[in-house]
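S.K.:
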Ligand code: PEP
Ligand code: MN
């Protein structure tokens, strides 16, 4: 339910109303727009008498929200959310800030991640990505460097200043991620509907959460998963379109659903980024799909980059070399300039 507050209503009266609603076991999100304040009510609103609420002198109107997602709904928060990292590291994400997250699929060694961090930064990336805990289809494949991989990412961050994005697969690692001050915790496509994990990352507010779309997930399922995180207290959620499984598998690994970008941007105030690497599975398609993502209105891209893709321990075929990444960055900047 959305309560539109009249212009000029006193803070005291608004706070009184918020308290009254909270006493009815509702979560109340207050959004102060340029002209009016909006109260978004989350929870069971059946007990609320809509007519009574509408008749209050500070209330302009009351409307139901038919969507099942609430906290992430644009109706609750008409302006785009801008996520400022807890650590104070730059950049912010969303609301016109463009995120360029780049790095290897997996952290493989000190030499690899330190050298790559420098190269992607020089090319224009503003986040370093890399998996330390890897969700692999086969248990016999490289599973990631684990805690040591996190330490190497921290070292790369110290050297370059770039904030880290890295995947959390299991609740048991959450404390370690917090201890290492991981800036953005990625919830991967295989865990998008791991609700217990979503609840726990929602209970902490130190790290922002990058939530990937599920392997065959719908847009609504993605929003409902974001809702799990937000309903537990962490509002800093970034949505990521990373391709979904369709009938096509001869020529692309997944089908990158770029229409999800404008659909999500219309439905939610959360930042939306695109991962064309997992979205296509092919390095040669990453540049065109990165540019298409920008044209579609994405708030950022996440691109896998490896110093020697042929020897990568995971996702080599979809990884750009640092040189190709630098070429892509030139085109990204030109397109962003043309679009502004
Ligand atoms: C990754 O980013 O390396 C990854 C495993 O992503 P996804 O969950 O989208 O497959
Ligand atoms: Mn990968």
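Residue numbers (the numbering used here): 2 to 341.
Glycine included, each C-beta is placed from N, C-alpha and C at the ideal position.
Comparing alpha-carbon positions, which option in 120, 289, 108, 222 lies nearest residue 167?
M.R.: For the residues 120, 289, 108, 222, the minimum Cα distance to residue 167 belongs to 108.
S.K.: Reducing DSSP to helix, strand and coil, say where residue 47 ends up.
M.R.: Residue 47 falls in the helix class under three-state DSSP.
S.K.: Contact check, residue 281 vs residue 244 under 8 Å by CB: the rounded distance?
M.R.: Right, the Cβ-Cβ distance comes to about 7 Å (below 8 Å), so this counts as a contact.
S.K.: Which word fits residue 228, buried or exposed, when buried means at least 16 other C-beta atoms lie within 10 angstroms of its C-beta?
M.R.: So residue 228 counts as buried.
S.K.: According to DSSP, is residue 249 helix, strand or coil?
M.R.: Coil at residue 249, not helix or strand.
S.K.: Taking 7 Å as the cut-off, is the CB of residue 190 close to at least one heavy atom of ligand 1?
M.R.: Yes; taking the cut-off as 7 Å, the Cβ of residue 190 has a heavy atom of ligand 1 nearer than that.
S.K.: What is the residue span of the beta strand (DSSP E) that residue 167 lies within?
M.R.: Element bounds for residue 167: 165-168.
S.K.: Kindly indicate which residue of 177, 6, 213 has the alpha-carbon position closest to the one of residue 61.
M.R.: Out of 177, 6, 213, 6 has the C-alpha closest to the C-alpha of residue 61.
S.K.: Going by the DSSP bridge assignment, what does residue 98 pair with across the sheet?
M.R.: Answer is 95, bridged to residue 98.
S.K.: Taking C-alpha atoms, which residue in 298, 302, 326 lies nearest to residue 309?
M.R.: Ranking 298, 302, 326 by Cα distance to residue 309 puts 326 first.
S.K.: Looking at the structure shown, is residue 123 part of a helix, part of a strand, or coil, going by DSSP?
M.R.: In this structure, residue 123 counts as helix in the three-state DSSP scheme.
S.K.: In the DSSP assignment, find the alpha helix (DSSP H) that holds residue 197 and state where it starts and stops.
M.R.: Where residue 197 is concerned, the enclosing alpha helix (DSSP H) stretches over 196-204.
S.K.: Which partner residues of residue 8 appear in the DSSP bridge assignment?
M.R.: DSSP, once it has assigned bridges, lists no residue as partnering residue 8.
S.K.: To the nearest angstrom, how far is it from the Cα of residue 207 to the Cα of residue 224?
M.R.: If I take the Cα positions, the gap works out to 21 Å.
S.K.: Alpha carbon to alpha carbon, what distance is there between residue 143 and residue 247?
M.R.: The straight-line gap from Cα to Cα measures roughly 26 Å.
S.K.: Return yes when the Cβ of residue 316 is within less than 8 Å of the Cβ of residue 99, no when it is not.
M.R.: The answer is no: Cβ separation not under 8 Å.
S.K.: Leaving out five residues before and five after residue 313 in sequence, what residues of the same chain have Cβ atoms less than 6 Å from its Cβ?
M.R.: Excluding positions up to five away in sequence, the list reads 307, 320.
S.K.: Just the C-alpha distance for residue 219 and residue 190, rounded to the nearest angstrom, thanks.
M.R.: Between residue 219 and residue 190, the C-alpha separation is close to 12 Å.
S.K.: Within the continuous beta strand (DSSP E) that includes residue 303, where are the two ends?
M.R.: Counting along the chain, the beta strand (DSSP E) containing residue 303 begins and ends at 301-305.
S.K.: For residue 133 and residue 10, I'd like the C-alpha separation in whole angstroms.
M.R.: Taking the straight line from one Cα to the other gives about 51 Å.
S.K.: What first and last residue would you give for the beta strand (DSSP E) that runs through residue 209?
M.R.: Counting along the chain, the beta strand (DSSP E) containing residue 209 begins and ends at 209-213.
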